[in-house]
Amino acid sequence: MPSTETPWGWPKVSDFKRTPDCAIDALLPHLAGRQVMDFGCGDGHFMSRIAEVASVRGIELDDALAAQAIAWLGSGVTRGSLFDAELRPGEVVYCYLTPLGMRALAEKLASAEVWALDYSIPERDTACVLHVADAYLRAGKPRERVRTLYHYEAR
Numbered sequence: 004m005p006s007t008e009t010p011w012g013w014p015k016v017s018d019f020k021r022t023p024d025c026a027i028d029a030l031l032p033h034l035a036g037r038q039v040m041d042f043g044c045g046d047g048h049f050m051s052r053i054a055e056v057a058s059v060r061g062i063e064l065d066d067a068l069a070a071q072a073i074a075w076l077g078s079g080v081t082r083g084s085l086f087d088a089e090l091r092p093g094e095v096v097y098c099y100l101t102p103l104g105m106r107a108l109a110e111k112l113a114s115a116e117v118w119a120l121d122y123s124i125p126e127r128d129t130a131c132v133l134h135v136a137d138a139y140l141r142a143g144k145p146r147e148r149v150r151t152l153y154h155y156e157a158r
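All residue numbers for the sequence shown refer to the numbering used here, where the first residue is 4 and numbers rise by one.
See below:
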């Protein structure tokens, strides 16, 4: 059974998975001109794409992933816990976390505008839900699945 806690004692909210480009493409018009905080920015892929249209910063707990993101982006990445992240007024939060992560961070994100990939925030009403086709290869065979983006308005 996978660990639900990090070596630092914080709840583990996600295993690293890159946000697929189809989801980023769907978000670009919604985030254009905005300030965006990438919760669990991993290697910085999402941030690098969103930086084309928005001001973006990220936070990542894993040292190696944070170092990759900093090397790729040069700045805007903080190494730390999502639970300690300071949200700025008017900032949009993006997250691609596990259901456990969404539950654990529900209180932290309660008043924020949020876009979340594949997993919703428990007991919070969505303003909009987008379904995006994700075509990919698995074992050399083309596959497709539907990804879901949940949008929550700031309260």
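Using N, Cα and C, we set each Cβ at its ideal position, and we do this for glycine too.
Inset, instruction - Can you give me the start and stop residues for the beta strand (DSSP E) that residue 150 sits inside? - result: Here residue 150 refers to the residue found at position 147 of the sequence shown. Start and end: 144-155.
Inset, instruction - Quick one: residues in its chain with C-beta nearer than 6 Å to the C-beta of residue 47, no 5 flanking neighbours on either side, listed in chain order? - result: Along the sequence shown, one-based indexing puts residue 47 at 44. Contacts found: 72, 75 and 76.
Legend entry - One or two residues paired with residue 118 in a DSSP bridge: As a working note, residue 118 is residue 115 in the sequence shown. DSSP lists 97 and 154 as partners of residue 118.
Legend entry - Backbone secondary structure at residue 61 - three-state DSSP: Within the sequence shown, residue 61 is the residue found at index 58, counting from 1. It is a strand residue.
Legend entry - Within 8 Å, strictly: CB atoms of residue 140 and residue 146: Reading the sequence shown from its first residue, position 137 is the one you call residue 140. Reading the sequence shown from its first residue, position 143 is the one you call residue 146. Closer than 8 Å, so yes.
Inset, instruction - Could you check the C-alpha separation between residue 118 and residue 138 for me, to the nearest Å? - result: Mapped onto the sequence shown, residue 118 falls at position 115. Mapped onto the sequence shown, residue 138 falls at position 135. Straight-line Cα distance between these residues: approximately 21 Å.
Legend entry - Spatially closest choice to residue 20 from 111, 153, 101 and 83, by CA coordinates: Here residue 20 refers to the residue found at position 17 of the sequence shown. When only C-alpha atoms are compared, the closest one is 101.
Legend entry - Where residue 19 falls: helix, strand or coil (DSSP): Working through the sequence shown from its first residue, we reach residue 19 at position 16. Look at residue 19 here: in three-state DSSP terms it is coil, with no helix or strand label.
Inset, instruction - On a CA-only basis, which of 106, 91, 112 and 114 is nearest residue 37? Give me that one, please. - result: Here the question's residue 37 lines up with position 34 in the sequence shown. Per the Cα distances, 91.
Inset, instruction - Pull up the DSSP beta-bridge partners for residue 40, would you. - result: Translated into the one-based positions of the sequence shown, residue 40 becomes position 37. Bridge partners of residue 40: 60 and 96.
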